[in-house]
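For the sequence shown, the working numbering begins at -2 and goes up steadily by one.
Report on the structure given below.
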Amino acid sequence: MTVKVSGLSEISRNLERVVNQKLPNAVSRSLNTIARKAMSSATKEVAKDIGVPQKTIRSRSKITKANKSRQMANIRVIRSNMPAIRLFENRSNRMWVGRGAIIVGKYAIKRGFIQRLKTGRTHIMQRRGRERYSIDVVKIPLARPLTSSYEKQLDNYPEQIKTELTKNLMVALK
């Protein structure tokens, strides 16, 4: 006695399509969503801490998206120090010049002054007590706040990928 199953080839084709097309797309979409959320929330947190607009910090980050063939999303962050003149991009930051100091936002720069350089750029400079190269551009360190913020955002990465992947697979299999 033989039983003939109709539509078996169609079922196998559908399964193959899910495995080869929809699953990789769902994985890459999930990775891109998590990377985008991590970048935006880390940027927001660091910008608030430093006192600059988010776009100033956002311009230092770039996402390389995951795709079907390369399922890995990269976030590249420029962690170098930011010149203090960029604090003026936030309109709420005002400069106060006092006795031997400039105060911009929440930063007090002792022995500071504003100068237009030969390159045409304006910078906040500071006199240091060194013999050689005694005047420097004032910079705000970003390496530690950016690193800690991104690490904090991606702490629970396994749970994030699990929830995001289930969401995307549900949508893909509808």
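In this text, a Cβ means the ideal position worked out from N, Cα and C, and glycines have one as well.
Within this structure, are the beta carbons of THR53 and ARG96 separated by less than 8 Å?
no
Can the beta-carbon of SER38 be found less than 8 Å from the beta-carbon of GLU161?
no
Quick one: give me the first and last residue of the beta strand (DSSP E) that ILE132 is part of.
132 to 134
Does the stretch 100 to 120 touch the stretch 61 to 77, meaning 3 or more C-beta pairs lie closer than 8 Å?
no
Which stretch, first to last residue, makes up the beta strand (DSSP E) that contains GLU113?
Sequence inspection shows Arg at residue 113; the Glu mentioned does not correspond to that position. Segment 109 to 113, the beta strand (DSSP E) holding ARG113.
Residue environment, TYR130, which counts as buried when at least 16 other CB atoms sit within 10 Å:
exposed
Boundaries of the beta strand (DSSP E) in which ILE73 is found, first to last residue
The sequence given here has Arg at residue 73, not Ile. Where ARG73 is concerned, the enclosing beta strand (DSSP E) stretches over 71 to 74.
Would the stretch 43 to 57 and the stretch 139 to 149 be scored as touching if the rule is three or more Cβ pairs under 8 Å?
yes
Does the stretch 132 to 140 come within contact of the stretch 117 to 124, defined as at least 3 CB pairs closer than 8 Å?
yes
One question on the structure: do HIS120 and PRO80 come within less than 8 Å of each other, judged by their Cβ atoms?
yes
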